[in-house]
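Heads up: the structure comes next, in structure tokens.
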Amino acid sequence: MPELPEVETIRRTLLGEKAGAPSIRGLTINGAIIFWERTLDIPSLEEFGLRIVGQQVKDIGRRGKYMLVRLTDDTLIIHLRMSGDLWVEGQDLSLGQHYRMVLNFDNGSRLVFNDARKFGRVWLVSDPEQVLGKLGPEPFDPALNEQNFYESLRSRRRQLKPLLMDQTFIAGVGNIYADEALYRARLHPLQLSSRVTQGDAARLLESIRAVLQEGIERHGASIDWIYRGGDFQNYFGVYRRTGEPCWNCGTPIARITVGQRGTHFCPTCQKGNDGTA
DNA sequence: ACGAGCGCCTGTCGGC
DNA sequence: TGCCGACAGGCGCTCG
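As structure tokens, then:
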């Protein structure tokens, strides 16, 4: 899926912050269609339609990888998972093959939730905490600092890569940015969190923030057939660079599988202190 | 408290 | 050309 930078890019586009893109803020929903039933988590199909029609888009927020469309009475929460995308277009256009939800607005435009793999989910709730309650800290929250990040790492005994991708540990980091953050911090993906030093923790937090920030500035990464317009994929340090030379030392980038996910790292620059490298 | 495996889905790509 | 497995930006579940 899109990770935090891609979700943030889409959020800004839906608010009209990208040149030529119309904002949906202030528009009123006068029709809603779900094309794939499992896309809707809660409430029921019947209640969803009855409840959402007539509500106005007040603002769009984000929490981790979740898009939060704040309406008059409820919040429409959308998770894009692996292949989801959101955009605005005219109601006169024909429907695409992978449209899973469409919201029609009173000005003749519509919001499209497109999702080839059907993993995406939407929730319509009065209290967003019902869905977001278990999420860990937002990466850019100033309340997250070197000290409590260090303590949070030490309090668990997890491999760093799966831990970074655990949304209850920190929200918004996925497979690409976990690999990139560990590379930047010079930490091995299998190193145990219980054994990091204060310096390791400080570098890792700084690295997470730096790669997410760069991802946002480059409007996210666009890979495979899911094109979203960003160009961060041209600046990857390790992700999908298997066999290519490390920018720092020239060693071929290695690929291993961790938690069923492709994991890329430099065997020379990223040494673990737990015997894994 | 962990990690591993699997299910959910469709599409693309490389090898034969 | 066609088929077939590997792989893909995520996450919830079960099982040791």
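For the first sequence, position 175 (counting from the first letter as 1) is numbered 193 according to my numbering, and the numbering increases by one without interruption.
Ideal Cβ positions, reconstructed from N, Cα and C, are used throughout, including at glycine.
Computed from a prediction, not measured in an experiment: that's the story for all the values here.
Considering only Leu171, Arg30, Val214, Ser211, the residue with the shortest C-alpha distance to Leu86 is Arg30. Measuring C-alpha to C-alpha distances from Phe53 to each of Val71, Gln115, Leu223 identifies Gln115 as the nearest.
For Gln109, the closest alpha carbon among the candidates Ser127, Leu121, Asp103, His206 is that of Ser127. For the pair Tyr195 and Arg236, the Cα-to-Cα distance works out to about 13 Å. By the C-beta density criterion, Ser173 is exposed, having fewer than 16 other C-beta atoms within 10 angstroms. Per DSSP, Asn193 is one residue of the alpha helix (DSSP H) stretching across 193–203.
Within the stretch 72–143, the complete beta strand (DSSP E) segments of 3 residues or longer fall at 75–81, 84–89, 93–97, 102–108, 117–123, 127–133, 139–143, listed in chain order.
In this structure, Asp197 lies near Thr281, with their beta-carbon atoms less than 8 Å apart. Between Leu104 and Ile226, the C-beta spacing is not below 8 Å.
Distance from the CA atom of Ile244 to the CA atom of Glu164, rounded to whole angstroms, is 35 Å.
In the assembly as shown, Glu169 is an exposed residue. Its beta-carbon has fewer than 16 other beta-carbons within 10 Å.
For Arg174, the secondary structure class from DSSP, reduced to helix, strand or coil, is coil.
Per DSSP, the continuous beta strand (DSSP E) segment holding Arg279 begins and ends at 279–283.
One thing to note: Leu45 has its Cβ no nearer than 8 Å to the Cβ of Asp159. Rounded to the nearest whole angstrom, the C-alpha separation of Asn48 and Asp145 is 22 Å.
By the neighbour-count criterion, in which a residue is buried when 16 or more other Cβ atoms sit within 10 angstroms of its Cβ, Cys284 is buried. At a Cβ-Cβ threshold of 8 Å, Leu205 and Leu178 count as neighbours. Ile51 is classed as exposed because its beta carbon has fewer than 16 other beta carbons within 10 Å across all chains shown. Counting of Cβ neighbours within 10 angstroms places Asn193 among the buried residues, the total reaching 16 or more.
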